[in-house]
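Its first residue numbered 690, the sequence shown is counted upward by one per residue in my numbering.
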Amino acid sequence: MNKNNEKNNQEINQEIVLSCTGLGRSFNDGNRTVDVLKEVSLEVKAAESLAVMGSSGSGKTTLLYLLGGLDQPSKGEVCVKGLPLQSLSRRQIEVWRNQHLGFIYQLHHLLPEFSALENVMMPLWIQKKSTKMAKAQALRLLDQVGLSHRAGHRPGELSGGERQRVAIARALVTEPVCVLADEPTGNLDQETAAQVMEVMQALNRELHTSFIVVTHDIEIAAKMDRTLVLDRGEVQYKKNK
Numbered sequence: 690m691n692k693n694n695e696k697n698n699q700e701i702n703q704e705i706v707l708s709c710t711g712l713g714r715s716f717n718d719g720n721r722t723v724d725v726l727k728e729v730s731l732e733v734k735a736a737e738s739l740a741v742m743g744s745s746g747s748g749k750t751t752l753l754y755l756l757g758g759l760d761q762p763s764k765g766e767v768c769v770k771g772l773p774l775q776s777l778s779r780r781q782i783e784v785w786r787n788q789h790l791g792f793i794y795q796l797h798h799l800l801p802e803f804s805a806l807e808n809v810m811m812p813l814w815i816q817k818k819s820t821k822m823a824k825a826q827a828l829r830l831l832d833q834v835g836l837s838h839r840a841g842h843r844p845g846e847l848s849g850g851e852r853q854r855v856a857i858a859r860a861l862v863t864e865p866v867c868v869l870a871d872e873p874t875g876n877l878d879q880e881t882a883a884q885v886m887e888v889m890q891a892l893n894r895e896l897h898t899s900f901i902v903v904t905h906d907i908e909i910a911a912k913m914d915r916t917l918v919l920d921r922g923e924v925q926y927k928k929n930k
């Protein structure tokens with residue numbers, strides 16, 4: 690790598706793509722208020738990977754939904770590429786989210802009546818991209834997750850690991866700055882889970898896309914750049930690799 694490329698990569702990797710400050714989420718339960726998330730602050734840089742761990746009910750998924758603009762915080766602020774989401778309308782948040790963030794869930798949520806290729810093309814169609822452009826981009830991502838030969842197959846014709854790799858391709862097809870993954874290997878056996886994580890790590894490096902991964906798996910967390918542990922909605926500690 691020449692010095693200019695190395696300098697450019699260093700600058701890219703210093704950019705903060707997603708952050709939150711004093712983030713909290715509360716729910717009313719009858720006459721009492723339940724604090725699900727309390728005063729969480731973090732910054733995620735370009736090309737960085739962050740694992741979020743904690744027991745069930747610790748606030749992991751709530752944090753992910755708030756960072757992704759899928760839920761509104763009770764207090765605090767979320768910024769995506771420097772723009773506070775709370776300054777936007779709900780419709781503007783949807784547009785900004787679709788442009789800059791990708792999502793992977795424990796269940797793949799692929800549309801059964803569409804092929805793998807069409808499922809990956811879907812976010813680009815939503816953005817009103819041409820079919821020619823969407824197809825080319827989707828095929829490129831399917832190739833990167835090792836599934837170009839399965840592009841014409843529907844989800845029911847794919848294995849669990851293949852369906853999750855299609856979901857990864859779909860999350861990345863819009864070239865987001867960050868992908869939020871909620872237990873992406875939770876429904877897979879150990880061997881398949883390891884293969885899926887290898888794909889995600891490779892794309893993290895190749896595309897300079899940040900990943901925030903909620904997981905119970907210590908081995909998966911150990912492969913991330915940083916680990917954040919939640920307990921009863923509070924950050925207990927942060928660990929760097």
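All C-beta atoms in this analysis are idealised placements derived from N, C-alpha and C, irrespective of residue type, glycine included.
- For Met-811, no beta strand (DSSP E) run applies; the uninterrupted alpha helix (DSSP H) run containing it begins and ends at 805–815, by DSSP.
- For the set Leu-726, Leu-847 and Gln-833, the Cα lying nearest the Cα of Ile-857 is the one of Gln-833.
- Contact check for Leu-877 against Gly-849 passes: the beta carbons are separated by less than 7 Å.
- Just so you know, the alpha carbons of Glu-872 and Asn-929 end up roughly 20 Å apart.
- In the assembly as shown, Phe-900 is a buried residue. Its beta-carbon has 16 or more other beta-carbons within 10 Å.
- If you draw a straight line from the Cα of Ile-705 to the Cα of Val-767, it is about 12 Å long.
- Taking 7 Å as the cut-off, the beta carbon of Leu-919 is found no closer than this to the beta carbon of Lys-927.
- When the five nearest sequence neighbours on each side are left out, the beta carbons in the same chain lying within less than 8 Å of the beta carbon of Asp-724 are those of Gly-713, Arg-714, Ser-715 and Gly-922, in order along the chain.
- Looking from the CA of Glu-908, the closest CA among Thr-898, Gln-884 and Glu-895 belongs to Gln-884.
- Straight-line measurement puts the Cα of Ile-782 at about 24 Å from the Cα of Leu-800.
- Closest option to Val-741, judged by alpha-carbon separation, among Gln-925, Leu-772, Asp-914 and Thr-904: Thr-904.
- Contact between the segment 758–778 and the segment 814–832 is not established, with fewer than three Cβ pairs separated by less than 8 Å.
- Annotated as distal: Asp-914 and Glu-802, with beta-carbon spacing of 7 Å or more.
- Under the three-state reduction of DSSP output, Lys-821 falls in the helix class.
- Lys-912 and Lys-824 have their C-alpha atoms roughly 32 Å apart.
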